[in-house]
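Counting along the sequence shown from 1, when you hit position 197 you're at 1294 in my numbering, and nothing is skipped either side.
A virtual CB, placed ideally from N, CA and C, is assigned to each residue, including glycine.
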Amino acid sequence: MSVLAFAEQRGGALRQAALETMTAGRALADGSGVELVAVLLGPPALADEAERLARYGADRVLLAMSDNLAEYAPEAYTELLARAVEERGAKALVFSASARGKDLAPRVAARLGAGLASDVTELAVEDGRVVAVRPIYAGKLVSKVGFKADPALLSVRPRAYAAVENPRPGEVEEMTPQVDPEGLRTNVRMEAGEKRDRPDVAEAEIVVAGGRGMQGPENWKLLEELADALGPGAALGASRAVVDADWRPHAEQVGQTGKVVSPPLYFAIGISGAIQHLAGMRTAKCIVAVNKDAEAPVFKVADYGIVGDLFEVVPRLTEEIRKLRSEG
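Spelled out as structure tokens, the structure:
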């Protein structure tokens, strides 16, 4: 038996989510006493990425390369993953709860007739069975889910597991794709998006998010300066009200109808803390809130809270962070 982990790639390069998935899969494999097998699907250029998966915990890498897999092909990816699970007698298959993972995991679960736990924040093995912890009811409760039968399919929330180097042999086995492009009902021809100098908010190590307290898009420069002071790993986020007002793009929205994030550090600036927003960020490791309303709900989940005028607090905070980084 084994635990499989789907290694997500874009354009022939592994995404950060793939390395985090290796760490999550490693935890399950160690708890079950089985090997971790990474499944890597994509174009021929992927051959060089198998070694990276081994550095992050893969005992073995199943590699399926074809020009027909260069772009995301749901039916082909589903077929190959289901085949890998059946041939390996897999105990579990782990995905990232990224946009692609959220599309692919249910397809594979339906094909196999298997159970699926989505948006998981913690994994374990108890009495030989896989169990998963996941937020429910907009993050107000946490549910512990058990699987009665193998395989268990799981999608893990980005940043719930930090990518940790854990070198393994990483023996590479090639799978024959057998992809008939004429038989594919769906094929992604192009992925369009805004070019950004900052990381995606769902994958960033630090998120600086603003709400209606910013009073207008012209004041976002304050948050940009704070993010710059924090370093290249910082991304900008926004509440739903801000996005609805067209102050910021939808790609930055954090919340139940936006992106769910779990960064090590999250700044909530001028955000009152409506339940919709809290559902998207309350699993962040450390939350810093700045709001002039001492009764704002966001302070109930914040690790550090500053009650004050953000237009005075944020510039001071930025200045102090710059000083600390220059001294370091």
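Separation of residue j from residue i, as counted between CA atoms
| i | j | result |
| --- | --- | --- |
| TYR1258 | MET1311 | 32 Å |
| PRO1264 | ARG1123 | 11 Å |
| LEU1323 | ALA1335 | 14 Å |
| GLY1130 | ASP1156 | 12 Å |
| VAL1158 | ALA1181 | 11 Å |
| VAL1242 | VAL1228 | 5 Å |
| GLY1139 | GLU1146 | 11 Å |
| ALA1221 | LYS1382 | 19 Å |
| TYR1363 | MET1272 | 41 Å |
| LYS1426 | LYS1245 | There is simply no residue 1426 to check, as the chain begins at 1098 and stops at 1425 in what is shown. |
| VAL1240 | GLU1424 | For the sequence presented, residue 1240 should be read as Ser rather than Val. Straight-line Cα distance between these residues: approximately 44 Å. |
| ALA1306 | ASP1297 | 13 Å |
| ALA1114 | ILE1303 | 16 Å |
| PHE1103 | ALA1196 | 14 Å |
| GLU1117 | ASP1200 | 18 Å |
Of the listed residues the options, nearest to residue i (C-alpha basis)
| i | options | result |
| --- | --- | --- |
| SER1369 | VAL1395, GLY1108, ALA1229, SER1163 | VAL1395 |
| THR1380 | VAL1387, PRO1255, ALA1187, GLU1270 | PRO1255 |
| PRO1329 | ARG1422, GLY1198, GLU1184 | ARG1422 |
| ARG1149 | ALA1260, ALA1235, PHE1244 | ALA1260 |
| LEU1190 | LEU1125, LYS1245, GLU1223, LYS1389 | LEU1125 |
| GLY1198 | LYS1188, GLY1402, SER1215, GLY1186 | SER1215 |
| LEU1375 | GLU1219, LEU1177, VAL1358 | VAL1358 |
| TYR1174 | LEU1407, LEU1160, ALA1187, PHE1408 | LEU1160 |
| LYS1389 | LEU1116, GLU1409, LEU1213 | GLU1409 |
| VAL1285 | ASP1406, PRO1171, GLU1132 | PRO1171 |
| ARG1185 | GLU1132, ASP1325, GLY1377, LEU1407 | GLU1132 |
| GLU1262 | ALA1121, GLU1416, LEU1101 | ALA1121 |
| ALA1202 | GLU1392, ASP1325, GLU1105 | GLU1105 |
| GLY1225 | ALA1114, GLY1128, LEU1116, ASP1406 | GLY1128 |
| LEU1251 | ALA1306, PHE1192, ASP1200, ASP1297 | PHE1192 |
| ALA1393 | HIS1347, GLY1308, TRP1317 | GLY1308 |
Residue i and residue j closer than 8 Å at C-beta
| i | j | result |
| --- | --- | --- |
| LEU1209 | ALA1179 | yes |
| TYR1153 | MET1119 | yes |
| ILE1366 | VAL1387 | yes |
| VAL1253 | ALA1206 | no |
| VAL1136 | SER1099 | no |
| TYR1401 | VAL1411 | no |
| ALA1332 | ARG1295 | yes |
| ALA1235 | ILE1372 | yes |
| GLY1109 | LEU1143 | yes |
| ALA1211 | LEU1101 | no |
Buried versus exposed call for residue i [16 or more other C-beta atoms within 10 Å across all chains shown]
| i | result |
| --- | --- |
| LEU1320 | buried |
| ALA1301 | buried |
| LYS1420 | exposed |
| LYS1356 | buried |
| ARG1434 | With the chain represented from 1098 up to 1425, any question about residue 1434 goes unanswered, as that position is not in the structure. |
| VAL1276 | buried |
| ALA1299 | buried |
| ARG1112 | buried |
| PRO1360 | buried |
| GLY1377 | buried |
| GLU1349 | buried |
Integer Cβ distance of residue i from residue j, believed to fall under 8 Å
| i | j | result |
| --- | --- | --- |
| PRO1439 | ALA1151 | Because the chain is modelled from 1098 through 1425, residue 1439 falls outside the range shown and cannot be assessed. |
| ARG1345 | VAL1339 | 5 Å |
| GLU1223 | VAL1230 | Not confirmed; about 11 Å, so no contact. |
| ILE1418 | ALA1326 | 4 Å |
Residue i beta carbon near the ligand NAD (any heavy atom closer than 7 Å)
| i | result |
| --- | --- |
| ASN1263 | Among the ligands in the structure shown, none appear at all, so the ligand NAD cannot be discussed. |
Contact with chain C by residue i, beta-carbon distance below 8 Å
| i | result |
| --- | --- |
| ALA1142 | In summary, chain C is missing from the structure at hand, where a single protein chain is found. |
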